[in-house]
Amino acid sequence: MTIVKNNKIVINANNLTKSFGEIIAVNNISFEIHEGEIVGILGPNGAGKTTTLRLLTGVFKLEGNAKVEIYGLDLSKNLTKCKSKFGIVPEVSNAYSDYTVEQNLIFSGRIYGLSKEVIQARSEELLKRFELTGKRKSKTKTLSKGLKQRLNLCLALLHDPPILILDEPTSGLDPFSVKILRDQILKLKRENKTILMSTHDMIEAQTICDRILIMNRGKIIADEHPDTLRKDFNPSLTISFKIEGEISKDLMNEMQNYFTNIKIQEDDSFKITTQDVLEDLHRLYNFVRQRNLEVLDMKLKETSLEEVFINLVKSDLNGEVTKK
Amino acid sequence: MNKISLVKIWALSKKNIQLYIKKGPVLIFGLMFPFFMVLSWVLGREISPYQVFVGIISMTAFFTSTAISPVVLPIETREKSLERLLSAPISIQNILLGIIIASTLYSLIITSIITLSFTIIFWIPFSSIWAIILLYFGIFLMAILGSLLGVLVAAKPADMTSEIMLLINLIKFPLVFISGIFIPLGNLPFFAILLSFISPITFLTDLSRYCVYGTSYFPFLIDILILMGWIFILFLLNLFFHKKTMPKRLSTS
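First to last, the sequence lines map onto chains A and X.
So the mapping is simple: the numbering used here equals the position in the first sequence, first residue as 1, plus 130.
So the mapping is simple: the numbering used here equals the position in the second sequence, first residue as 1, plus 1241.
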C-alpha cells in the first residue's frame, strides 16, 4: 500500500535514457513521484541510480525522446527554474573544504539567488536545527564525515526547496550520525517535502520510504511500497525453532520427510520456509506432540527487503523478472 | 544578463579568488616563473630599461592571467564541488565567467602593481596620460585573453591539476618565445616575424612599445583589434568545448 499524501505529481519522468559510450547507464525508464512521498531507489553498484538522479536534476542533458517535468515544468525548457526546486545531498561531501561552514552557506545562498538577509536567517535556523552552530567558523575540511553530511543537508535546504534528492546520504556514517540524519529526513517528510533517495541500506529503505524503485542494469525492475514488495515478490515466511535434547539421525530424516521446506541450521536449529504459516504451524504442533518433543526458541520471520532485493536482482540477471 | 545572474557570477568569481589564489600552481606559474624568466633574460645582458619594462609587463600579464584559470576546473572536478555548481541554477557560461573574471582581476592587480613599480624604478617617460590608459587597456585585454586560454585548456575533462598545467605550459612557452618580447619585431628576420603573429603576446608587446617609445611595428589600433579578435575566438571555443566536456567530468568521477 503506497502512502501518498496527495496525487499532485511533482516529478514526471518519461523515457529516461543515458549512455556513456557503449555503456547504457539508464535504459528508457519512466516513473512519477508524488508530493510528500519518500521514494527510495535501490540497486547494486552501477545500476544507474546516480545517473537517474543527475538526469532528473538537470545535471545531465536528456537524450532522445526523454522528458522530465518538475511541477509541470519541462526541465529542458526551464532548467534554471527546475533546478531551484531541488536540494541535493551527495554521497560524498562537495562543500568547499577550504571554506568555513558559514562561508559555504553564504556561497550556496548567493548562487541560488538569495538575498543577504534571507541567507543570514536561513543559515541561523539550519545551523541550529542540525546542531552545527558551534562549528560555523570551522573549516569544512576539519569536520567529521557525519558533520559534513549535516552541512550538506543545510546547504541543500538553504533555499527551502520542495524536493530533496539524497544520494546515499548515510553511507559510511557512524550509527549516531545515521540516526540524526534519518530523524531529520522523517521530519522533512512531515514538512511535506518530497524526497527521492538512493540507498544501499535496506533497513533505511524499509523504515523510511513510502515507495521503492529497484533498479538493475539501467532499468526499473520493481516499483512498490516496501511491504507490498515483500508480499508480492516473496510471500513466504520462515518458522525457526530448536528441539530440546539431542536430535537423532532418524528424527532428522523423519522431519525432512514430513516438512518439504525444512533446513537444519549450523546451530542445530530448524528453519521451515512456508507459504501457509497456519497450516505449517499446525503440522509442526502435531509432529512434536505425537513424539513428545519440546520446542524451544520458536520464531516467525517475514522475508526481509534485502532478500527480496537479492532475489529480484538475481532473477533479473537470469531474465526471470516477471513483475514490475 | 539580469541582476541575479550578475550576483551569481560575482559570487563564483569571489569564491575562485578566495580559494585558488594561494594554490601552489598559481604561485609557481603566476609569480615565480615570470620573475625568474625575466631575471635570466636581463642578467648579464645589455638591454635598455625600456625594453625590459615592455618585456616585464607582457610576461607578467600573460603568466598571471594563465595561472588561476586552468586550475579551477580540475580541482573542482576532483573535490566534487563542480557537481554542486552544475546542479545549482547557474549555467555553464556563468561558471566559466566566474573563473575568467577571477583570473582577469588577479592578473590585472598583479600586473598593475608591477607596471607601477617599474614605471617608477626605470622612470618611464610616458608621453601622455593617453599612453598610460592605452597601456592599461592592453594589459586588461591580455588578462582576459590569458584567462580564456587557461579555461580553454582546462576543457579537457581531467581532475589532476598537473595534467592541465603540463598542457598549458606546452602552449605558453612557445607563445612567449616566438613573440617579440625578447627581440623587437623590427629586428627579427621575416620568417620569425610571420611566426610571431601566431602569438597574441606579440601584439601586447607591440602596443606596450608604442606606449613607451611612441613607435611600434603595427598601428596601435591593429594591436587592439587583434587582441580583441583573439578574445572573441577563445570565448566561442570555450563555450563550444566546455558544453561538450562538462558532463564528462561527472561521468568519470
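Backbone N, C-alpha and C fix where the C-beta goes; we use that ideal spot for every residue, glycine too.
A quick note: this is a predicted structure, and the numbers were derived from the prediction, not measured.
Helix, strand or coil for residue i, going by three-state DSSP, please let me know.
i                  : result
Met-1242 (chain X) : coil
Thr-1352 (chain X) : helix
Lys-454 (chain A)  : With a pLDDT of 43 at Lys-454 (chain A), under the threshold of 50, the modelled position of this residue cannot be trusted, and the question is left open.
Arg-341 (chain A)  : strand
Asn-157 (chain A)  : strand
Ser-1459 (chain X) : The identity of residue 1459 (chain X) in the sequence shown is Phe, whereas the question assumes Ser. Coil.
Asp-1447 (chain X) : helix
Ser-328 (chain A)  : strand
Asn-422 (chain A)  : coil
Glu-376 (chain A)  : coil
Gly-1391 (chain X) : helix
Ser-274 (chain A)  : coil
Leu-435 (chain A)  : helix
Val-308 (chain A)  : helix
Tell me whether residue i is buried or exposed, calling it buried when 16 or more other Cβ atoms sit within 10 Å of its Cβ.
i                  : result
Arg-252 (chain A)  : buried
Arg-421 (chain A)  : exposed
Pro-1430 (chain X) : exposed
Arg-265 (chain A)  : The displayed chain sequence assigns Lys, not Arg, to residue 265 (chain A). So Lys-265 (chain A) ends up on the buried side.
Gly-1285 (chain X) : exposed
Arg-1490 (chain X) : buried
Ser-1328 (chain X) : buried
Arg-320 (chain A)  : exposed
Val-443 (chain A)  : buried
Thr-95 (chain A)   : Only positions 131 to 454 of chain A appear in this structure, which leaves residue 95 (chain A) out of reach.
Glu-1495 (chain X) : The structure shown does not extend to residue 1495 (chain X), since chain X is modelled only from 1242 to 1494, so the question has no answer here.
Ala-286 (chain A)  : buried
Arg-360 (chain A)  : buried
Ile-315 (chain A)  : buried
Arg-419 (chain A)  : exposed
His-289 (chain A)  : buried
Gly-449 (chain A)  : exposed
Met-131 (chain A)  : Confidence at Met-131 (chain A) is low in this model, with a pLDDT of 43, below 50, so its placement is unreliable and no value can be given for it.
Tyr-1261 (chain X) : buried
Pro-1460 (chain X) : exposed
Gln-405 (chain A)  : exposed
Gln-395 (chain A)  : exposed
Ser-1479 (chain X) : According to the sequence displayed, residue 1479 (chain X) carries Asn and not Ser. Classification for Asn-1479 (chain X): buried.
Residue i: which of the options sits nearest, CA to CA?
i                  : options                                           : result
Ala-352 (chain A)  : A:Val-438, A:Lys-215, A:Ile-293 and A:Lys-211     : A:Val-438
Thr-337 (chain A)  : A:Lys-349, A:Lys-309 and A:Ile-163                : A:Lys-309
Asp-1400 (chain X) : X:Leu-1478, X:Leu-1280, X:Leu-1253 and X:Pro-1315 : X:Pro-1315
Gly-1387 (chain X) : X:Ile-1336, X:Leu-1416 and X:Phe-1359             : X:Leu-1416
Ile-1463 (chain X) : X:Ile-1354, X:Val-1453, X:Ser-1449 and X:Ser-1348 : X:Ser-1449
Ile-1258 (chain X) : X:Phe-1270, X:Val-1279, X:Thr-1301 and X:Ser-1310 : X:Ser-1310
Ser-1299 (chain X) : X:Leu-1468, X:Met-1406, X:Pro-1330 and X:Leu-1475 : X:Leu-1468
Lys-372 (chain A)  : A:Lys-191, A:Leu-430, A:Leu-303 and A:Thr-404     : A:Leu-430
Ser-1420 (chain X) : X:Asn-1243, X:Leu-1445 and X:Ile-1380             : X:Leu-1445
Leu-318 (chain A)  : A:Pro-292, A:Met-332, A:Ile-159 and A:Asp-331     : A:Pro-292
Val-1394 (chain X) : X:Ile-1385, X:Ile-1405 and X:Ala-1384             : X:Ile-1405
Ser-1368 (chain X) : X:Tyr-1454, X:Leu-1480 and X:Thr-1402             : X:Tyr-1454
Ile-139 (chain A)  : A:Gly-151, A:Glu-167 and A:Leu-447                : A:Glu-167
Gly-176 (chain A)  : A:Arg-259, A:Ile-218, A:Ala-155 and A:Lys-246     : A:Ala-155
Leu-209 (chain A)  : X:Leu-1346, X:Pro-1488, X:Glu-1320 and X:Ile-1331 : X:Ile-1331
Ile-381 (chain A)  : A:Ile-369, A:Phe-400 and A:Gly-243                : The sequence given here has Leu at residue 381 (chain A), not Ile. Nearest of A:Ile-369, A:Phe-400 and A:Gly-243 to Leu-381 (chain A), Cα basis: A:Phe-400.
Can you pull the chain A neighbours of residue i, defined as C-beta to C-beta under 9 Å?
i                  : result
Pro-1398 (chain X) : Here the premise fails: no neighbours, minimum Cβ distance about 12 Å.
Leu-1346 (chain X) : Per Cβ cutoff of 9 Å: no residues; Leu-1346 (chain X) is ~17 Å from chain A at best.
Val-1279 (chain X) : Correct list: empty, because the minimum Cβ distance to chain A is about 31 Å.
Name the chain A residues whose beta carbon is nearer than 7 Å to that of residue i?
i                  : result
Val-1312 (chain X) : Those within 7 Å of Val-1312 (chain X) in chain A number zero; the least Cβ separation is about 13 Å.
Pro-1315 (chain X) : Chain A residues near Pro-1315 (chain X): none, gap ~15 Å exceeds 7 Å.
Residues of chain A with CB closer than 8 Å to the CB of residue i, please, in chain order.
i                  : result
Ala-1252 (chain X) : Phe-237, Arg-240 and Ile-241
Ser-1322 (chain X) : Asn-224, Ala-225 and Tyr-226
Leu-1478 (chain X) : Within chain A, no residue comes near Leu-1478 (chain X); the closest Cβ sits about 20 Å away, beyond 8 Å.
Val-1267 (chain X) : Ordered by position in chain A, no residue passes the 8 Å Cβ test against Val-1267 (chain X), which lies about 13 Å from the chain.
Val-1248 (chain X) : Arg-240 and Gly-243
So residue i contacts chain X; which residues on that side make the cut at Cβ distance below 7 Å?
i                 : result
Lys-267 (chain A) : By Cβ distance, chain X contributes nothing, its closest Cβ being about 15 Å from Lys-267 (chain A), past 7 Å.
Ile-218 (chain A) : Ser-1328
Arg-184 (chain A) : Leu-1491
Thr-210 (chain A) : Pro-1330
I want to verify the contact list: residues of chain X whose CB lies under 9 Å from the CB of residue i, in sequence order.
i                 : result
Val-231 (chain A) : Near Val-231 (chain A) there are no residues of chain X at all, since even the closest Cβ is about 15 Å away, more than 9 Å.
Val-189 (chain A) : Glu-1324, Leu-1327, Ser-1328, Pro-1488 and Leu-1491
Thr-214 (chain A) : Residue identity differs from the one stated: residue 214 (chain A) is Ser in this sequence, not Thr. Under the 9 Å cutoff, chain X gives Ala-1329 and Pro-1330.
So which residues on chain B does residue i lean against when the C-beta distance must stay under 8 Å?
i                  : result
Ile-1245 (chain X) : No chain B is part of this structure, whose protein chains are labelled A and X.
*Could you tell me whether the stretch 321-340 of chain A touches the stretch 178-196 of chain A, where touching means 3 or more Cβ pairs closer than 8 Å?*
yes
_the stretch 278-288 of chain A touching the stretch 213-231 of chain A, judged by at least three CB pairs closer than 8 Å_ = Three or more beta-carbon pairs drawn from the stretch 278-288 of chain A and the stretch 213-231 of chain A are found closer than 8 Å, and the two stretches are therefore classed as touching.
*Does the stretch 1336-1348 of chain X come within contact of the stretch 1290-1297 of chain X, defined as at least 3 CB pairs closer than 8 Å?*
no
*Counting pairs of Cβ atoms below 8 Å between the stretch 144-159 of chain A and the stretch 189-200 of chain A, do you hit three or more?*
yes
*May I ask you to verify whether the stretch 155-164 of chain A touches the stretch 208-221 of chain A, counting CB pairs closer than 8 Å and requiring at least 3?*
no
*Counting Cβ pairs, one atom from each stretch, are 3 or more of them under 8 Å apart for the stretch 1349-1359 of chain X and the stretch 1300-1308 of chain X?*
yes
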